[in-house]
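Before any comments, here is the structure.
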Amino acid sequence: MPDSKSSIHFFNPDTMGKPLAAYSNVARVRASEFLFIAGQIGTDADGKAPPDFEAQCALVFDNIGAALRSQGAGFANIISFTSYLVHSQDIPKFARYRAREFPRLFPGGYPPNTLLIIDRLVREDLLVEVAAVAAL
Amino acid sequence: MPDSKSSIHFFNPDTMGKPLAAYSNVARVRASEFLFIAGQIGTDADGKAPPDFEAQCALVFDNIGAALRSQGAGFANIISFTSYLVHSQDIPKFARYRAREFPRLFPGGYPPNTLLIIDRLVREDLLVEVAAVAAL
Amino acid sequence: MPDSKSSIHFFNPDTMGKPLAAYSNVARVRASEFLFIAGQIGTDADGKAPPDFEAQCALVFDNIGAALRSQGAGFANIISFTSYLVHSQDIPKFARYRAREFPRLFPGGYPPNTLLIIDRLVREDLLVEVAAVAAL
């Protein structure tokens, strides 16, 4: 959770198109301390990635949660996501995953996200990677 | 426009290669308040994307402008762009678009940009997406 | 090097998977001044890119170093990298390059990195591009 020195607000101005999924168009952030989190992948503690897209999603957000908790922070501190998928067929699965899980993870509003379909991630078995910035 | 508490300066050091288009190599920013803007796409108020690349560019920057204005800011507050194109054939069109429009949008200098050609955006009809960070 | 007003710390929490290469999972940064550096490519002063991947890597990090030095900073100020490769065959070469060079460039620890394989960069002869954020 943001400490008393930072403030994070999410906006979806009427003058912009509606977000296509569980994200906000704008985050406004007042903070002097930030976390930059390397792109997280869907691997477990042994480095293994399940073949299922949704199972990888769960591990990605578990890993981001662990990064946040390691610094005394939580999902409410996230100010920006960039999400990379390898297969365009996974776009609706990713939207559904977030529609289901994000209301619980982000009760105060959804951070901005940029969704990109790219060629490949660092390992061929990886289907999704999410990089994040947080403010403390 | 940046308020009196922030300062934004753009640099193209002689020790680096010249920018290949309308961007600067370095932004130096002193600020305590930031906007993170989700990647903006070339859709109109009804969510429709024109088939023409340049028309999508105009809508992308209109949307970014709307995001900035919603927070009392403007293009002078932009400190970083990341631009994603789907077709490499659009690279020269994107450079021409910016060469024509950016002198008006950015009279004080061009923010850094990273240009990437990727597989696909969230919808198959989208040709360009631009994510931005701004300082207030 | 960070000035006395900023602090930068890198973390690899035990609760997360081990980094797959020379990066950290989390950077924690207290700062009021930042550098946003446009994606740097492997070109020399004449804009020429050597055909060799590793030679392009060396030029990319030379260019990032020049950007940092132009503002009185150094590699110790880097808080985030995003690295884009065009060919997945270059992933092990990029890991080896960093394993060899980063201990010298980053004696205080490795900044977070997100590695992505994309279709193409701004010019067809470019094999690698790295965008960076630094704190002063």
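Chains as they are written, first to last, in this note's numbering: chain A, 1083 to 1218; chain B, 1083 to 1218; chain C, 1083 to 1218.
Even for Gly, the Cβ is constructed at its ideal location relative to N, Cα and C.
Beta-carbon contacts of residue i that lie in its chain and below 6 Å, excluding the five residues immediately before and after
| i | result |
| --- | --- |
| Gln1122(A) | Val1142, Asn1145, Ile1146, Val1212 |
| Val1111(C) | Ile1090, Ile1161, Ala1217 |
| Glu1115(C) | Leu1218 |
| Ala1177(B) | Ala1103 |
Proximity below 8 Å, CB of residue i to CB of residue j
| i | j | result |
| --- | --- | --- |
| Ile1119(B) | Val1168(B) | no |
| Phe1184(B) | Ala1104(B) | yes |
| Val1210(A) | Gly1124(A) | yes |
| Leu1197(C) | Val1204(A) | yes |
| Leu1187(B) | Ala1131(B) | no |
| Ala1158(A) | Leu1117(A) | no |
Nearest-angstrom beta carbon gap, residue j and residue i [assumed within contact, 8 Å]
| i | j | result |
| --- | --- | --- |
| Ala1113(B) | Phe1092(B) | The Cβ separation is near 14 Å, so there is no contact. |
| Asn1195(B) | Ser1170(B) | With 8 Å as the limit, Asn1195(B) and Ser1170(B) do not qualify as a contact, their Cβ atoms being about 16 Å apart. |
| Gly1190(C) | Ser1106(C) | 11 Å between Cβ atoms; not a contact. |
| Phe1135(B) | Asp1172(B) | 5 Å |
With 16 other Cβ atoms within 10 Å as the buried cut-off, status of residue i
| i | result |
| --- | --- |
| Gln1138(A) | buried |
| Pro1193(C) | buried |
| Arg1182(C) | exposed |
| Pro1084(A) | Below a pLDDT of 50, predicted positions are generally treated as unreliable, and Pro1084(A), at 44, falls in that range; the measurement from the model is reported next regardless. Pro1084(A) should be labelled buried. |
| Ala1149(C) | buried |
Any chain A beta carbon closer than 8 Å to residue i
| i | result |
| --- | --- |
| Ile1161(C) | yes |
| Pro1183(B) | For clarity, residue 1183(B) is Glu in the given sequence; the question names Pro instead. By this cut-off, Glu1183(B) is not an interface position. |
| Pro1189(C) | no |
| Leu1203(B) | yes |
| Gly1156(C) | no |
| Ala1104(B) | no |
| Phe1118(B) | yes |
| Gly1121(B) | yes |
Short CB-CB distance (under 8 Å) between residue i and chain B
| i | result |
| --- | --- |
| Met1083(C) | For Met1083(C), the predicted model reports a pLDDT of 44, less than 50, meaning its position is unreliable and no value from the coordinates is stated. |
| Phe1093(A) | yes |
| Tyr1179(A) | no |
| Val1142(A) | no |
Close-in-space but distant-in-sequence residues of the same chain around residue i (CB under 7 Å, 5 per side omitted)
| i | result |
| --- | --- |
| Arg1180(B) | Ala1103, Ala1104 |
| Asp1126(B) | Leu1141 |
| Arg1202(A) | Val1168 |
| Lys1175(B) | Phe1135, Glu1136 |
Cutoff 8 Å: residue i Cβ touching any chain C Cβ
| i | result |
| --- | --- |
| Val1210(B) | no |
| Ser1114(A) | yes |
| Ile1200(A) | yes |
| Ser1152(B) | no |
| Asn1145(A) | yes |
Sequence-distant residues of its chain with Cβ nearer than 8 Å to residue i (five each side left out)
| i | result |
| --- | --- |
| Asn1094(B) | Lys1100, Pro1101, Ser1106, Asn1107, Val1108 |
| Pro1133(A) | Asp1207 |
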